[in-house]
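Novice: One structure, pasted below without further comment.
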Amino acid sequence: MHTHHFRLTNSTLINLMRIFAILLVLTSILLLFIGCGSAQDSSSKDSNDSDWINLFDGSDLSGYRIFAFPDANSDRWTAEDGVLSLAARAEGSKSKLDLIITTESIGDFEFSFEWKMSPGGNGGIFYMVKDDPQYTKPWHTGLEMQLLDNGGHVEGKIKTHRSGDLYDLIESNKDTTLPAGEWNQSRIVRRGNEVEQWMNGNLAVSFTIGSSEWNALISKSKYAEWPEYGKVDQGHLILQDHGDQISFRNLKLKEL
1 MHTHHFRLTN STLINLMRIF AILLVLTSIL LLFIGCGSAQ DSSSKDSNDS
51 DWINLFDGSD LSGYRIFAFP DANSDRWTAE DGVLSLAARA EGSKSKLDLI
101 ITTESIGDFE FSFEWKMSPG GNGGIFYMVK DDPQYTKPWH TGLEMQLLDN
151 GGHVEGKIKT HRSGDLYDLI ESNKDTTLPA GEWNQSRIVR RGNEVEQWMN
201 GNLAVSFTIG SSEWNALISK SKYAEWPEYG KVDQGHLILQ DHGDQISFRN
251 LKLKEL
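Anchor point for the sequence shown: position 35 equals 35 in this note's numbering, and the numbering is continuous, going up by one each time.
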């Protein structure tokens with residue numbers, strides 16, 4: 001009876017090591033895909049539609065009121081076919097119908113909305129606004145995301161006065177605003193002192209309230225005379241009446 005001895009040659013050992021290395025790589029790739037899938041599922045759950053509150057049902061203005069003038073006639077604001085619109089102010093009129101669209105004040109939030117501007121139009125979104133008789137203008141306490149027909153309005157030539165800008169303070173990193181008459185998609189996100197303003201998928205502006213940079217910026221601005229500017233823990237969202245025609249739709253809020 002002959003006994004056969006199996007002997008590993010150097011080349012066989014090298015080949016086995018290569019196979020083992022390949023298996024390790026394939027296993028790592030598989031685990032990576034599984035991890036990505038889990039992260040994606042988690043993200044989907046976080047952005048579940050049930051987390052969002054519709055601020056506008058498409059046909060009804062009930063619950064909305066005019067800032068500083070609760071009994072004012074808001075007939076220039078209309079709701080039709082899912083669109084909330086502000087008609088242009090009559091020539092010579094000085095009425096201000098800044099519309100409060102949050103029944104209750106809110107802390108941290110994400111606000112998603114679509115908007116389109118009339119040619120040469122000007123508007124904005126105020127947020128973190130304190131609704132108190134001692135403050136007669138939304139910008140005495142609240143910040144403003146500028147909305148503008150950049151190419152058709154004189155303000156479009158001023159840095160910090162263009163669409164997506166934190167009005168009069170911080171300019172957008174680039175202009176992604178669509179022309180007048182086209183729908184833009186925007187977001188405002190506030191987490192504590194961290195704030196982001198998004199325009200058509202681009203993070204246009206981000207800043208930290210209370211930072212040394214922020215304090216220096218405010219001290220040189222018109223807001224310096226208003227000590228509660230940007231310091232409201234719980235505030236309202238307001239659609240600005242700047243006198244020009246502007247429309248909104250898909251106004252959605254998620255409290256964070």
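All C-beta atoms, glycine included, are put in the ideal place defined by N, C-alpha and C.
What number of angstroms, rounded off, separates the C-alpha of Trp115 from the C-alpha of Asp168?
Specialist: For this step, residue 115 is matched to residue 115 along the sequence shown. For this step, residue 168 is matched to residue 168 along the sequence shown. Going by the C-alpha atoms only, they are around 21 Å apart.
Novice: By the three-class DSSP mapping on this structure, what secondary structure does Asn173 have?
Specialist: On the sequence shown, residue 173 is found 173 positions in, with the first residue counted as 1. Coil at Asn173, not helix or strand.
Novice: Please say whether Leu55 and Leu256 have beta carbons closer to each other than 9 Å?
Specialist: Here residue 256 is taken as the residue at index 256 of the sequence shown, counted from 1. Here residue 55 is taken as the residue at index 55 of the sequence shown, counted from 1. No; because the gap between Cβ atoms is not below 9 Å, this pair is not in contact.
Novice: With burial defined as no fewer than 16 other Cβ atoms inside 10 Å of the residue's Cβ, what is the status of Asp233: buried or exposed?
Specialist: As a first step, residue 233 is located in the sequence shown; it is residue number 233 there, counting from the start. It counts as exposed.
Novice: Using CA coordinates, which residue listed in Ser85, Gln197, Ala180 and Phe113 is at the minimum distance from Ile188?
Specialist: By 1-based counting over the sequence shown, the position of residue 188 is 188. Residue Gln197 is the option with its Cα nearest to Ile188.
Novice: On the CB-based measure, 16 or more other CB atoms within 10 Å of its CB, does Ile53 come out buried or exposed?
Specialist: If you number the sequence shown from 1, residue 53 lands on position 53. The residue is exposed, with fewer than 16 neighbouring Cβ atoms inside 10 Å.
Novice: Do you know offhand how far Leu32's Cα is from Asp244's?
Specialist: Position 32 of the sequence shown, counted from the first residue, corresponds to residue 32. Position 244 of the sequence shown, counted from the first residue, corresponds to residue 244. With a pLDDT of 49 at Leu32, under the threshold of 50, the modelled position of that residue is not reliable, and the figure given next carries that caveat. Spanning the two alpha carbons is a distance of roughly 52 Å.
Novice: Note down the Cα distance separating Asp57 from Leu99, rounded to an integer number of angstroms.
Specialist: The sequence position of residue 57 within the sequence shown is 57, counting from 1. The sequence position of residue 99 within the sequence shown is 99, counting from 1. Asp57 and Leu99: Cα-Cα distance of roughly 16 Å.
Novice: CB-CB under 7 Å to His236, same chain, minus the five flanking residues each way: which ones, in chain order?
Specialist: As a first step, residue 236 must be located in the sequence shown, where it is residue number 236. Cβ within range, chain order: Ile100, Thr102, Ser105, Val129 and Asp131.
Novice: Tell me, please, which residues DSSP counts as bridged to Gln197.
Specialist: Along the sequence shown, one-based indexing puts residue 197 at 197. Answer by DSSP bridge pairing, in chain order: Ile188 and Val205.
Novice: Apart from the five residues on each side of it in sequence, which residues of its chain come closer than 8 Å, Cβ to Cβ, to Gly152?
Specialist: Along the sequence shown, one-based indexing puts residue 152 at 152. Excluding sequence neighbours, Gly152 sits near Pro119, Gly120, Gly121 and Ala180.
Novice: Measuring CB to CB, does Asn184 end up less than 9 Å from Gly210?
Specialist: As a working note, residue 184 is residue 184 in the sequence shown. As a working note, residue 210 is residue 210 in the sequence shown. No, Cβ-Cβ distance for Asn184 and Gly210 is not below 9 Å.
Novice: Pull up the distance between the alpha-carbon of Asp49 and that of Gly92, whole angstroms please.
Specialist: What you label residue 49 is simply residue 49 of the sequence shown in a count that begins at 1. What you label residue 92 is simply residue 92 of the sequence shown in a count that begins at 1. Using only the alpha carbons, I get a separation of about 44 Å.
Novice: Based on the DSSP output, what are the partners of Tyr127 in its beta bridges?
Specialist: One-based indexing of the sequence shown puts residue 127 at position 127. Paired residues: Leu143.
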